[in-house]
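Enquirer: There's a structure below that I have some questions on.
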Amino acid sequence: MTDGGISARQRLDTPRGSRRFRVDIDVDAIGRTGENVARFLGTGRYLAIQTIIVVVWILLNVFALSLQWDPYPFILLNLAFSTQAAYAAPLILLAQNRQDDRDRVSLEEDRARAAQTKADTEFLARELAALRIAVGEVATRDYLRRELDDLRAVLADPALRDERARKKARRRGEEPDEQTRFDHNEDTRR
3 MTDGGISARQ RLDTPRGSRR FRVDIDVDAI GRTGENVARF LGTGRYLAIQ TIIVVVWILL
63 NVFALSLQWD PYPFILLNLA FSTQAAYAAP LILLAQNRQD DRDRVSLEED RARAAQTKAD
123 TEFLARELAA LRIAVGEVAT RDYLRRELDD LRAVLADPAL RDERARKKAR RRGEEPDEQT
183 RFDHNEDTRR
């Protein structure tokens, strides 16, 4: 008796211990074992072993008169096949369920990976578009070559130099002033 005459068994705030015999079962270990058995049942090796056992069973029970433990209708053999089928079917279903679970997890991972890949691809497409816009504002190699060729030609021919200066001034919206024209004309006379 504890707490004023109330026993620990009568107290409601203390859970009672289980008096039953408890066995901890590792469900994953059973599942793995079931998968291994189901995998073995689906092999050619198993079919060959089973065929050999059945043939030996029938031959011994038909021809070895002193060893006949299961005469002609082979009831014991049928019972063995029924027992095997009773265990094989749930094992196969267990293996299929575990495979379905693995497939579901794999599918979820594939979806997540596909979503990440899509997001990465969209990001790269935006970056590529931004780079194209930026490159569009940068002088290209062909543009620089053309400009250098024009500059060489201008340096080689004074008349082209004047024409080029006028074109640049017009592009800027300016008219070359008199001093620039005079200086340029002086340079060409020399």
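Those letters in the sequence shown? Residues 3 to 192, per the working numbering, in order.
No residue lacks a Cβ here, since even glycine has one placed at the ideal position from N, Cα and C.
1) State the DSSP-derived secondary structure class of E124, mapped to helix, strand or coil.
2) Helix, strand or coil: how does DSSP classify A141 here?
3) Please state if the CB of R173 and the CB of D152 are separated by a distance shorter than 8 Å.
4) Applying the criterion that 16 or more other CB atoms from any shown protein chain within 10 Å of the CB defines a buried residue, is L93 buried or exposed?
5) For K170 and L150, I'd like the C-alpha separation in whole angstroms.
6) Three or more beta-carbon pairs under 8 Å between the region 29-36 and the region 79-89, yes or no?
7) Give me the Cα-Cα distance between E129 and G138, rounded to the nearest whole angstrom.
8) Go through its chain and collect everything with a Cβ distance to Q70's Cβ below 6 Å, but skip five positions before and after it.
Expert: Taking the geometry as given:
1) Counted from its first residue, the sequence shown places residue 124 at position 122. Reduced to three states, the DSSP call for E124 is helix.
2) Reading the sequence shown from its first residue, position 139 is the one you call residue 141. It is coil, neither helix nor strand.
3) Here residue 152 corresponds to residue number 150 of the sequence shown, with the count starting at 1. Here residue 173 corresponds to residue number 171 of the sequence shown, with the count starting at 1. No, they are not a contact pair.
4) Within the sequence shown, numbered from 1, the residue matching residue 93 stands at position 91. So L93 ends up on the buried side.
5) In the sequence shown, residue 170 corresponds to position 168, counting from 1. In the sequence shown, residue 150 corresponds to position 148, counting from 1. Computed Cα separation, rounded: 15 Å.
6) no
7) Residue mapping note: residue 129 aligns to position 127 of the sequence shown, counting from 1. Residue mapping note: residue 138 aligns to position 136 of the sequence shown, counting from 1. Rounded to whole angstroms, E129 to G138 spans 14 Å at the Cα level.
8) One-based indexing of the sequence shown puts residue 70 at position 68. For Q70, where only same-chain residues beyond five positions count, the Cβ hits under 6 Å are N63.
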